[in-house]
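Comments concern the structure below.
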């Protein structure tokens, strides 16, 4: 299993699109859970890190 560290402000693409149509998100909180915000509609979602790693498609930009 890959242990990846994420930083606040990192833009990512998830495998499944959000109901608003976008699949681009920004990381707004890092810990045991990761909070991501949709870049299209602004909705925020808090998901466990293991689930986030499974659903992540690619990292667009690294901030920090």
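In our numbering, the protein residues as written are 577 to 640.
Beta carbons: idealized from backbone N, C-alpha and C, even for Gly.
These figures come from a predicted structure and were not determined experimentally.
Spatial neighbours of residue i in its chain, beta-carbon cut-off 8 Å, leaving aside the 5 residues before and after
| i | result |
| --- | --- |
| residue 615 | 587, 598, 600, 601, 602 |
| residue 580 | 629 |
Per-residue burial, residue i [other beta carbons within 10 Å of its own, 16 or more giving buried]
| i | result |
| --- | --- |
| residue 627 | exposed |
| residue 636 | exposed |
Continuous beta strand (DSSP E) stretch holding residue i: start and end
| i | result |
| --- | --- |
| residue 602 | 600 to 605 |
| residue 580 | No beta strand (DSSP E) contains residue 580, which DSSP labels as neither H nor E. |
| residue 587 | 587 to 590 |
Spatial neighbours of residue i in its chain, beta-carbon cut-off 7 Å, leaving aside the 5 residues before and after
| i | result |
| --- | --- |
| residue 638 | 583, 586 |
| residue 625 | 608, 609, 610 |
Bridge-paired residues (DSSP) for residue i
| i | result |
| --- | --- |
| residue 611 | 605, 622 |
| residue 633 | According to DSSP, which records beta bridges pairwise, residue 633 is partnered with nothing at all. |
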